[in-house]
Ligand SMILES: Nc1ncnc2c1ncn2[C@@H]1O[C@H](COP(=O)(O)OP(=O)(O)OP(=O)(O)O)[C@@H](O)[C@H]1O
Ligand SMILES: [Mg+2]
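Numbering (our numbering), first residue to last: 14 to 279.
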């Protein structure tokens with residue numbers, strides 16, 4: 014495929030993607046958000062509208078403020094200036110969950126009970142266990158609910174963490190490098206699982222990752238942060254299912270790497 018063909022396809026796909034997106038509801042907006050810690054400005058004037066059901070990847074060098082952005086999104090911290098607006102009107106519509114690089118499971122609770130934690134304040138009684146078993150089945154751990162977290166592999170523990178994050182049907186799932194500690198093959202399996210569940214459940218996903226290939230494989234849109242600002246906001250209008258390392262994905266990967274490389278050398 015020539016560069017001209019790719020560009021023509023990109024521009025057509027971008028137009029189509031934009032047309033689809035404009036018809037969609039906004040899930041959340043950062044409006045001129047600034048975050049400071051003492052006299053250090055970490056995020057500055059961030060404006061970001063994310064549409065309901067969109068999959069956004071956030072990339073940037075270490076310390077640029079990615080986790081801070083997710084913490085603000087999840088309500089774990091407050092902006093110093095500006096505001097974060099959730100489109101949902103009810104508590105259910107605004108529900109946001111966050112998942113981290115380490116699974117953070119309770120070692121003294123069995124797998125099912127760990128997933129139950131995600132339903133605190135949302136469901137009660139026998140409904141809780143049924144919902145936990147259902148979501149465990151979706152992440153491929155239907156038969157592990159009575160096990161202790163310590164006997165699971167790293168990938169399986171992350172799947173329990175994913176189940177706990179999703180069991181309460183969040184509208185927004187914030188993912189802070191959740192696959193960062195996994196080996197390459199497990200990582201690709203987890204990417205496929207995450208994409209499959211996102212396609213079925215239709216939540217809005219915001220994934221922080223250092224892996225540019227992962228970002229373009231999963232996201233509808235990649236946001237690069239540099240010096241506290243959005244340096245690049247790139248649509249990835251490639252049809253799903255996507256093929257890892259395909260020329261189309263490589264084209265977008267190159268643009269992001271160029272942006273990151275320019276940051277490092279400038
Ligand atoms: N609670 C805090 N108090 C003081 N400084 C903080 C706090 N949280 C984050 N910072 C600072 O804000 C900056 C951005 O941190 P953040 O964790 O958001 O970076 P990051 O992009 O997620 O980095 P990494 O890729 O290494 O995870 C860092 O300089 C960090 O030291
Ligand atoms: Mg971080």
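In this text, a Cβ means the ideal position worked out from N, Cα and C, and glycines have one as well.
Count the other C-beta atoms from every protein chain shown that fall within 10 angstroms of the C-beta of residue i, then say buried if there are 16 or more, exposed otherwise.
i	result
residue 164	exposed
residue 64	buried
residue 35	Per-residue confidence for residue 35 stands at a pLDDT of 46, beneath the threshold of 50, marking its modelled position as unreliable; the derived number appears in the next sentence. Classification of residue 35: exposed, given that the 10 Å Cβ count is below 16.
residue 260	exposed
residue 41	buried
residue 190	buried
residue 253	exposed
residue 262	buried
residue 159	exposed
residue 139	exposed
residue 250	buried
residue 150	exposed
residue 116	buried
residue 197	exposed
residue 204	buried
residue 51	exposed
residue 120	exposed
residue 98	exposed
residue 78	buried
residue 275	exposed
residue 25	Residue confidence is low: residue 25 scores 46 on pLDDT, short of 50, so the model does not pin down where it sits. Its coordinate-derived value is still stated next. Classification of residue 25: exposed, given that the 10 Å Cβ count is below 16.
residue 230	buried
residue 110	buried
residue 73	buried
residue 228	buried
Any idea what DSSP makes of residue i, helix, strand or coil?
i	result
residue 118	coil
residue 142	helix
residue 95	strand
residue 251	coil
residue 210	helix
residue 85	helix
residue 103	coil
residue 135	coil
residue 156	helix
residue 109	strand
residue 246	strand
residue 220	strand
residue 267	helix
residue 6	The structure shown does not extend to residue 6, since the chain is modelled only from 14 through 279, so no value can be given for it.
residue 239	strand
residue 262	helix
If residue i and residue j are in contact, beta carbons under 8 Å, what's the gap, nearest whole angstrom?
i	j	result
residue 44	residue 60	6 Å
residue 176	residue 141	Not confirmed; about 13 Å, so no contact.
residue 76	residue 46	That belief does not hold up - the Cβ atoms of residue 76 and residue 46 are roughly 18 Å apart, past 8 Å.
residue 221	residue 80	7 Å
residue 192	residue 200	5 Å
residue 237	residue 186	Their Cβ separation, rounded to whole angstroms, is 21 Å, which puts residue 237 and residue 186 out of contact at 8 Å.
residue 173	residue 154	7 Å
residue 233	residue 248	7 Å
Practice problem: At 3 residues or longer, and completely inside the region 35 to 69: list those beta strand (DSSP E) runs for me, N to C. | Solution: Segments of the beta strand (DSSP E) lying fully in the region 35 to 69: 39 to 50, 53 to 64.
Self-check item: the region 101 to 110 contacting the region 69 to 78, beta-carbon criterion three pairs below 8 Å
Solution: Touching, no.
Self-check item: Inside the region 161 to 193 only - alpha helix (DSSP H) runs reaching at least 4 residues
Solution: Within the region 161 to 193, the complete alpha helix (DSSP H) runs of at least 4 residues fall at 167 to 179.
Quiz item: With contact counted as at least three CB pairs below 8 Å, one residue from each stretch, are the region 80 to 88 and the region 122 to 138 in contact?
Solution: As far as the Cβ criterion goes, the region 80 to 88 does not touch the region 122 to 138, which means the pair count is below three.
Exercise. Count the C-beta pairs between the region 212 to 227 and the region 156 to 171 that are closer than 8 Å, then say yes if the count reaches three, no if not.
Key: With a cut-off of 8 Å, the region 156 to 171 and the region 212 to 227 do not count as touching, because too few Cβ pairs lie within range.
Practice problem: Please determine if the region 50 to 59 and the region 241 to 255 are in contact, where contact requires at least 3 C-beta pairs separated by less than 8 Å. | Solution: They touch, by the three-pair rule.
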